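Student: Shown below is the structure under consideration.
In the numbering used here, the protein residues as written are 45 to 242.
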């Protein structure tokens, strides 16, 4: 069966943060993925810069380009590992059994780190396929924690994706990356998209 390139989307089934370990002319690499536990929502917005050429009392031409993407994620369960990645803080454990403690700490000198954001939406209309969203290089810009009386707390973060320094692709068609959206004919586990071919 031919791959469908049009599909409906319903919910979001998985999301992971892959810490970017190198973005250079030679390579783009990521560390092991960190799961967003109980992912609930993703929204993306292309940020565009627009210039208008005016004359004769009208707009003669419009030039625009996509400069970045902004996004919002919501997930259901507190993860100290996710907080450490988003903020640049640290996550440590100490003690054992009943005295075990997991601690997220943030202090002076800690800075947010870049990560690759991947999200998966299962596509039941495409015979068991899925859709993957990949923002290649992103940072969190706001990290609220939302508690509501008599209801579960949820966790959200806003972020911005920027172009990679590394150019992906074959010689003659290399380009920096911002975002990919892929439709797969068969559902595929989330994995970092990297490149070390240079």
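For every residue, glycine included, the Cβ atom is placed at its ideal position computed from N, Cα and C.
Predicted model, so just to flag it, every value in this text is computed and none were measured.
1) If the criterion is Cβ atoms closer than 7 Å, does the pair residue 119 and residue 82 meet it?
2) Could you tell me the boundaries of the alpha helix (DSSP H) in which residue 131 lies?
3) Could you have a look at residue 143 and say whether DSSP puts it in helix, strand or coil?
4) May I have the straight-line CA-CA distance separating residue 150 from residue 186, to the nearest angstrom?
5) Considering only residues of the same chain and omitting the five flanking positions on each side of residue 104, which have a CB-CB separation below 7 Å?
6) Give me, in chain order, the residues of the same chain whose beta-carbon lies closer than 7 Å to that of residue 116; leave out the 5 immediate sequence neighbours on both sides.
7) Considering just the uninterrupted stretch of the beta strand (DSSP E) at residue 179, what are its terminal residues?
8) Is it buried or exposed, residue 60, if we count other Cβ atoms within 10 angstroms and call 16 or more buried?
9) State the Cα-Cα distance for the pair residue 219 and residue 191, rounded to the nearest angstrom.
10) Check whether the stretch 205-216 and the stretch 122-135 touch, using three or more Cβ-Cβ pairs below 8 Å as the test.
11) Would you mind sorting residue 53 into buried or exposed? The rule is 16 or more other CB atoms within 10 Å of its CB.
12) Using the three-state DSSP reduction, which class does residue 67 fall into: helix, strand or coil?
13) For residue 205, which residues from the same chain have a beta carbon less than 8 Å from its beta carbon, with the 5 sequence-adjacent residues on both sides left out?
14) Short check: CB of residue 135 to CB of residue 128, under 7 Å?
15) Quick one, which of 94, 133, 172 has its alpha-carbon nearest residue 51's?
16) Going by C-alpha to C-alpha distance, which of 163, 174, 100, 48 sits closest to residue 78?
17) Figure out for me which residue from 175, 130, 140, 138 has the closest Cα to the Cα of residue 80.
18) Taking just the CA atoms, how far does residue 72 sit from residue 237?
19) Just how far apart, CA to CA, sit residue 48 and residue 194?
Tutor: The short version:
1) yes
2) 124-131
3) helix
4) 15 Å
5) 97, 98
6) 87, 200, 202
7) 173-186
8) buried
9) 43 Å
10) no
11) exposed
12) strand
13) 112, 113, 114, 115, 161, 179, 180, 181, 182, 222, 223
14) yes
15) 172
16) 163
17) 130
18) 8 Å
19) 44 Å
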